[in-house]
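Engineer: Residue numbers (my numbering): 1 to 248. Every residue, glycine too, gets a C-beta built ideally from N, C-alpha and C. Predicted model, so just to flag it, every value in this text is computed and none were measured. Attaching a single structure in structure tokens format; questions to follow.
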């Protein structure tokens, strides 16, 4: 490899994973480069969430290898930021917004969480970046859907991740707020690799640079390669092919 070319931040090599006798992912191989903005798309049950769990080290592949930032996913986990759907977050979450962000600054070697002025300052600056600093002392459960997603994004950024993973970040959110969130992500992408799980392939096409069509197998495309071709057509063709290939 050319020493002047940065290695991929994620390397997935012939990965297969099953739940019991049910195959979920089969012989998947592709790389994710630094500062990629890649979307994982596919029908329900296609393996998108399973692949995210493999990348974060919460599951281990049956076959094949995964390297994240040159290490195992478990070793690299502290360099990953994760944004769940706000609807999966406990609606009775008792902390205010500022404390929600600070909770992602806990040192794993500490017996008890301890936050000082520096942590509070950093958390507030992240809320400013997300343009919700005025909500710092509101309860998380009192926020609107868009505000919750911004708070969870600030929380994910608190660990200063090199890779940011988002699971349907704008599900059930008004389209105007959706655009604002994706505009924020585009700015973050100047310095951070972003992986996005999404069904909204039409909206995200102007933000991402790659798509990964998943349905047990994987097909990867660069957005630059799709000039003059509908993303819907590419998605539909890949899913039909993947369904045929895995006999579904």
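Under three-state DSSP, which class holds residue 221?
Structural biologist: strand
Engineer: What is the rounded straight-line gap between the Cα of residue 193 and the Cα of residue 65?
Structural biologist: 20 Å
Engineer: DSSP three-state label for residue 57, please.
Structural biologist: coil
Engineer: Using 10 angstroms around the beta-carbon of residue 36, count the other beta-carbons present and answer buried if the total reaches 16, otherwise exposed.
Structural biologist: Buried: at least 16 other Cβ atoms inside 10 Å.
Engineer: Let me know the alpha helix (DSSP H) ranges lying completely inside the stretch 98–161, each 4 residues or longer, listed in chain order.
Structural biologist: 117–129 and 145–157
Engineer: Kindly confirm or deny that the stretch 120–136 and the stretch 40–47 touch, where touching means at least three C-beta pairs closer than 8 Å.
Structural biologist: no
Engineer: Flag this pair as touching only if the stretch 58–76 and the stretch 10–26 have three or more C-beta atom pairs under 8 Å; answer yes or no.
Structural biologist: yes
Engineer: Pop quiz: residue 165 and residue 52 are said to be a contact at Cβ under 8 Å. What is the actual Cβ separation, rounded to whole angstroms?
Structural biologist: 6 Å
Engineer: Between which residues of its own chain and residue 154 is the CB-CB distance below 6 Å, once the five residues before and five after are set aside?
Structural biologist: 101, 126, 127 and 130
Engineer: Determine the burial state of residue 27: buried for a count of at least 16 other Cβ atoms within 10 Å of its Cβ, exposed for fewer.
Structural biologist: exposed
Engineer: Please classify residue 198 as buried or exposed, where buried requires at least 16 neighbouring CB atoms within 10 angstroms.
Structural biologist: buried
Engineer: Have a look at the DSSP bridge pairing and note the partners of residue 22.
Structural biologist: 19
Engineer: If we call anything under 8 Å between Cβ atoms a contact, is residue 39 one with residue 196?
Structural biologist: Their beta carbons are under 8 Å apart, which means residue 39 touches residue 196 by this criterion.
Engineer: Measure the CB-CB distance between residue 76 and residue 98 and report whether it falls below 8 Å.
Structural biologist: No, the pair does not count as a contact, with Cβ atoms beyond the cut-off.
Engineer: From the DSSP output, which residues share a beta bridge with residue 71?
Structural biologist: 68
Engineer: Where residue 169 and residue 21 are concerned, what is the direct C-alpha to C-alpha distance, given to the nearest angstrom?
Structural biologist: 31 Å
Engineer: So what does DSSP say about residue 52, is it helix, strand or coil?
Structural biologist: helix
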